[in-house]
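A short write-up of the structure that comes next.
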Amino acid sequence: MKEIEILVIGGGPAGLSAATAAANLGASVLVLERDGKPGGQLVKQTHKFFGSKKQYAGDRGYQIGNLLIDECEKNPKVEVWTDSTALGIYEDGVVTAEGQGKHLKIKPKKIIVATGASEKMIAFPNNDLPGIYGAGAVQTLMNVYGIVPGKRVLMIGAGNIGLIVSYQLMQAGVEIAGIIEASPTIGGYLVHASKIRRAGVPILTSHTIIEAYGQESVEGAKICQLDAQWQPIPGSEQDLNVDVICLAVGLSPLTELCFQADCQMKYVPELSGHVPIRNESLETTRPGLYVAGDVSGVEEASSAMVEGRLAGICAAYSLGYGTDEAPKLQREALAELSELRAGPAGQKTVKGIMKLMDKGGAAC
Amino acid sequence: MLNKTGVPTLEDIQTVSPSEERLKKGPVAIIECFQEIPCNPCTEACKQGAIRPMEDINNLPKLDLDKCNGCGVCLSRCPGLAIFIVDASYSDTEAIVRIPYEYYPVPQVGEKVVGLNRAGDELGTFEVSKVQSGGQKNKTYTIWLIVPQSLAMEVRGLRLRSTEIQPKETIVCRCEDITLGEIQALIKEGYSTIDEIKRAARAGMGPCQGRTCRMLIAQELAKFYSIPVGEVLMPTFRPTVKPVKLGTYAGGE
Ligand SMILES: Cc1cc2nc3c(=O)[nH]c(=O)nc-3n(C[C@H](O)[C@H](O)[C@H](O)COP(=O)(O)OP(=O)(O)OC[C@H]3O[C@@H](n4cnc5c(N)ncnc54)[C@H](O)[C@@H]3O)c2cc1C
Ligand code: SF4
Ligand code: SF4
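Structural data, given as structure tokens:
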């Protein structure tokens, strides 16, 4: 059994930032990462990120990922195990994992869960035809393996992911037949939308998919317009000739491990699903178990990095590290989070966190 | 409506449009960023202090038109690709619009490309006057387009001309299943007339007798030799104009 002070589950921006922050204060950290390479979602993000300089804004996602990996690798207090999936968190605090084909046991003093999120699916006839992908899968195919999914794509969802993956498909030479969005307005950042629109791709708000069709694989899709009550408008049907349908209809926090660990959970739509209740230090109702990043509410890499740092600092501090500097670092991280969430785009998250913490006042 | 279609409205654009007078003075940034999002690389990029620091990272960028010298650094830094540079002092009739570009292939200097407006509609064909690489790390290209003065505040995107066709999968002669790729390869080898290509590849010897492929091959030859299609030598025409069954002859005169 491996003993360690802090175990971080998930090597995305939240997990890597948590590991570096805790190690910088002196704690020994082990990071478990399911994939062959750490970096999480950042590995496949080829576009420039928003945010401020502190969160590397203006750099491309994968470049930010490489920076975070470098920082971990430079730090002798951090160990990263790739190809290692955490399988369970038990009552006695033991975490089991499958690592490079072996079953492993780990006994940490503190746990930081930073498992990210998983893609949502929607139901429509023939949604199991080959050629229907989640947006994340399309990104992995293209940006990790260099394979385009098809020739002509219908994108479902005009949130940031739908907009960005459409743009990346276009950069790979794939045609986008259109982006449809059931709600009456575009959910993603409008600068992304404008960039795609001026390349000639229609963005159809208040539109949904009726069905996909095809013999062996997708040959087309029927779509229609929705009225103010989200009901299909008769006669508005359109038939699109596409060989790929890409779903970008949102993410859900990947919280199985939190459920297992008996954290008290709450369904908060603003945070995209079931999330663990946690305090300002990101500690859940199970003492010594922290969360950070999309698993605690689907948001952005910028906030995931800051949350990771905050969780790392708090976990190390609770072990007696950084008695002098930790409180100051905590305050800085909290201030950065509220700065990121201060605008209209962050209001939803703030509302969700307030619901989660049952607080009326300011929350972070 | 911007938040329904992705196309900024006239009112949106007016809020960031410099005066005629300022435009005439020389290059200036047009920052088409109309939504409060947590983002500020443009403020950090500007070394002239023309984009004022934001009090709150969610603020909209604010440009000081007098301080901006149109250097374009902000254009290449903006993750939203929302900044353009317009230089209306270029000539009496023409202006330069600089556009961020992240597709392959990258257009060449001197190439004519299709200019697009904010809705992706084509506005005409314009010449590329300069191509700036963003460098190893940044990677965003800046493409300079020469456009008529009247379109300086309209052209915001570009597309390369002839939408690329895959020569290997594009059929030129349907009867004999001959692709554009095969025709192009023959022309390259030196086959310089339609008849030569017909003898080498059988293009034009099928049931339609060349009605589909003849002019397509002529176009390819014209392109290759840079001559008008009308000057391409036509093949010899012989009877019959359509395939005729042997039986027709047997029973006829
Ligand atoms: C298309 C797209 C565009 C985006 N654009 C932006 C942007 O411009 N700006 C921005 O700030 N954000 C952006 N984001 C959001 C950002 O990528 C995420 O919010 C961020 O990656 C969340 O970080 P995380 O560490 O919480 O989760 P993730 O990045 O998802 O990382 C979680 C990691 O945990 C691992 N893991 C999961 N379960 C286990 C387990 N049981 N055991 C071991 N490892 C496990 C996963 O393999 C993964 O590596 C974008 C996201 C997408 C999909
Ligand atoms: S073009 Fe140059 S001077 Fe003008 S705002 Fe941008 S960076 Fe500043
Ligand atoms: S960098 Fe671009 S997207 Fe970000 S605030 Fe400035 S103009 Fe807007």
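So the sequences go chain by chain: C and Y. Mapping the first sequence onto our numbering, position 152 (from 1) lands on 152, and the numbers just tick up by one. Just add 364 to the spot in the second sequence (first one is 1) and you have our numbering. In this text, a Cβ means the ideal position worked out from N, Cα and C, and glycines have one as well.
| task | Within its chain, find whatever has a CB closer than 6 Å to the CB of Y:C577; leave out the 5 residues flanking it on each side and keep chain order. | result | One-based indexing of the second sequence puts residue 577 of chain Y at position 213. For Y:C577, where only same-chain residues beyond five positions count, the Cβ hits under 6 Å are V536, C537, A567 and G568.
| For Y:T557, which of helix, strand or coil comes out of DSSP? | The residue labelled residue 557 of chain Y in the question sits at position 193 within the second sequence. In this structure, Y:T557 counts as coil in the three-state DSSP scheme.
| said: Just to confirm before moving on: does the CB-CB distance between C:A292 and C:A18 stay below 7 Å? | reply: The residue labelled residue 292 of chain C in the question sits at position 292 within the first sequence. The residue labelled residue 18 of chain C in the question sits at position 18 within the first sequence. It is a contact, given that the beta carbons lie within the stated cut-off.
| query | the segment 176-195 of chain C: which residues have C-beta closer than 8 Å to a C-beta of chain Y, in chain order? | reply | P184, T185, I186, Y189, L190, V191, H192, A193, S194 and K195
| said: Assuming Y:P571 is part of the beta strand (DSSP E), what are its boundary residues? | reply: Here residue 571 of chain Y refers to the residue found at position 207 when the second sequence is read from its first residue. No beta strand (DSSP E) holds Y:P571; DSSP gives it neither H nor E.
| message | Quick check: the segment 186-198 of chain C against the segment 155-167 of chain C, are at least 3 beta-carbon pairs closer than 8 Å? | response | yes
| task | Could you give the DSSP three-state label for Y:R482: helix, strand or coil? | result | Sequence index remark: in the second sequence, residue 482 of chain Y carries index 118 (1-based). Looking at Y:R482 - three-state DSSP - the assignment turns out to be coil, as it is neither helix nor strand.
| Under a three-way DSSP split, which group does C:C263 fall into? | Working through the first sequence from its first residue, we reach residue 263 of chain C at position 263. In the structure shown, C:C263 sits in coil (DSSP, three-state: anything other than H, G, I, E or B).
| In this structure, does DSSP put C:P276 in helix, strand or coil? | The count along the first sequence starts at 1 and reaches residue 276 of chain C at position 276. Three-state result, C:P276: strand.
| Spatial distance of Y:R482 from C:G188 (CA atoms) | Position 118 of the second sequence, counted from the first residue, corresponds to residue 482 of chain Y. Position 188 of the first sequence, counted from the first residue, corresponds to residue 188 of chain C. Using only the alpha carbons, I get a separation of about 18 Å.
| said: So Y:R441 contacts chain C; which residues on that side make the cut at Cβ distance below 7 Å? | reply: Taking the second sequence and counting its residues from 1, the one referred to as residue 441 of chain Y is at position 77. Those are G58, listed as they occur along chain C.
| request: Using a Cβ-Cβ cut-off of 7 Å, state whether Y:L480 counts as contacting chain C. | output: Along the second sequence, one-based indexing puts residue 480 of chain Y at 116. Cβ-Cβ to chain C under 7 Å: yes for Y:L480.
| task | Kindly examine ligand 3 and report whether one of its heavy atoms sits closer than 6 Å to the Cβ of Y:P402. | result | Here residue 402 of chain Y corresponds to residue number 38 of the second sequence, with the count starting at 1. Outside the cutoff, so no.
| said: Quick check: is the beta carbon of Y:L487 nearer than 7 Å to any beta carbon in chain C? | reply: Within the second sequence, residue 487 of chain Y is the residue found at index 123, counting from 1. No, because no Cβ of chain C sits closer than 7 Å to the Cβ of Y:L487.
| request: Less than 8 Å between the CB atoms is what I'm expecting for Y:L524 and Y:L487, so what's the real figure, rounded? | output: Here residue 524 of chain Y refers to the residue found at position 160 of the second sequence. Here residue 487 of chain Y refers to the residue found at position 123 of the second sequence. The Cβ separation is near 15 Å, so there is no contact.
| task | Ignore the nearest five residues each way along the sequence and tell me which others in Y:E375's own chain have a CB closer than 8 Å to its CB. | result | Within the second sequence, residue 375 of chain Y is the residue found at index 11, counting from 1. Excluding positions up to five away in sequence, the list is empty.
| query | Alpha carbon to alpha carbon, what distance is there between C:L251 and C:I112? | reply | Here residue 112 of chain C refers to the residue found at position 112 of the first sequence. Here residue 251 of chain C refers to the residue found at position 251 of the first sequence. So the two alpha carbons sit approximately 20 Å from each other.
| query | Starting from C:K422 and walking both ways along the alpha helix (DSSP H), at which residues does that stretch end? | reply | Chain C is shown only over 1 to 364; residue 422 of chain C falls outside these bounds and no answer can be derived.
| message | Beta-carbon within less than 6 Å of C:C246's beta-carbon, same chain only, minus the 5 sequence neighbours each way: which residues are those? | response | As a first step, residue 246 of chain C must be located in the first sequence, where it is residue number 246. Correct list, in chain order: Y133, A135, V138, V153 and M155.
| request: Kindly list, in the order they appear in chain Y, the residues whose Cβ is closer than 7 Å to that of C:I203. | output: Residue numbering aside, residue 203 of chain C sits at position 203 when the first sequence is read from its first letter. Chain Y residues near C:I203: T369 and G370.
| message | Is the beta carbon of Y:E533 closer than 7 Å to that of Y:G570? | response | Against the second sequence, residue 570 of chain Y aligns to sequence position 206. Against the second sequence, residue 533 of chain Y aligns to sequence position 169. Not closer than 7 Å, so no.
| message | What are the residues in the segment 333-351 of chain C lying within 7 Å of chain Y by C-beta distance? | response | E339, L340, A342, G343, P344, A345 and G346
| said: Need the endpoints of the beta strand (DSSP E) that C:K109 sits in, please. | reply: If you number the first sequence from 1, residue 109 of chain C lands on position 109. Taken as a continuous stretch (DSSP letters only), the beta strand (DSSP E) holding C:K109 covers K102 to V113.
| message | Could you tell me the alpha carbon to alpha carbon distance between Y:S556 and Y:I591, rounded to whole angstroms? | response | As a working note, residue 556 of chain Y is residue 192 in the second sequence. As a working note, residue 591 of chain Y is residue 227 in the second sequence. For Y:S556 and Y:I591, the distance between alpha carbons rounds to 12 Å.
| task | Return the bridge partner residues of C:S303 from the DSSP annotation. | result | Here residue 303 of chain C corresponds to residue number 303 of the first sequence, with the count starting at 1. Its beta-bridge partners do not exist; DSSP assigns none.
| query | Less than 6 Å between the CB of C:G40 and some heavy atom of ligand 1, yes or no? | reply | Residue numbering aside, residue 40 of chain C sits at position 40 when the first sequence is read from its first letter. True, at least one ligand heavy atom lies under 6 Å from that Cβ.
| said: If you reduce the DSSP assignment to three classes, tell me which class Y:Q548 lands in. | reply: Counting from 1 along the second sequence, the entry for residue 548 of chain Y is found at position 184. Looking at Y:Q548 - three-state DSSP - the assignment turns out to be helix.
| query | chain D beta carbons: is any one of them nearer than 7 Å to that of C:Q171? | reply | Within the model displayed, chain D is absent; protein chains C and Y are what it includes.
| query | According to DSSP, is Y:L509 helix, strand or coil? | reply | As a first step, residue 509 of chain Y must be located in the second sequence, where it is residue number 145. Three-state result, Y:L509: strand.
| field | Separation of Y:Q496 from C:V31, as counted between CA atoms | value | One-based indexing of the first sequence puts residue 31 of chain C at position 31. One-based indexing of the second sequence puts residue 496 of chain Y at position 132. Taking the straight line joining both Cα atoms gives about 42 Å.
| message | Against chain C, does Y:Q399 count as a neighbour if the rule is that its beta carbon must be under 7 Å from one of theirs? | response | Numbered from its first residue, the second sequence carries residue 399 of chain Y at position 35. So, interface residue.
| field | C:P234: CB within 6 Å of a non-hydrogen atom of ligand 3 | value | One-based indexing of the first sequence puts residue 234 of chain C at position 234. No.
| message | Given the structure, does Y:E560 come close to ligand 1, in the sense that its CB is under 6 Å from one of the ligand's heavy atoms? | response | For the purposes of this step, residue 560 of chain Y is taken as residue 196 along the second sequence, with counting starting at 1. No.
| request: Return the Cβ separation of C:E5 and C:P108 in integer angstroms, given the expectation that the two are a contact with Cβ distance under 8 Å. | output: Here residue 5 of chain C refers to the residue found at position 5 when the first sequence is read from its first residue. Here residue 108 of chain C refers to the residue found at position 108 when the first sequence is read from its first residue. Confirmed, Cβ separation roughly 7 Å.
| query | If you compare alpha carbons, which of C:Y167, C:E91 and C:G352 is closest to Y:Y468? | reply | Here residue 468 of chain Y refers to the residue found at position 104 of the second sequence. Answer by Cα proximity: C:Y167.
| query | Regarding C:P76 and ligand 3, is the C-beta to nearest heavy atom distance less than 6 Å? | reply | For the purposes of this step, residue 76 of chain C is taken as the residue at position 76 of the first sequence. No, ligand 3 has no heavy atom inside 6 Å of this Cβ.
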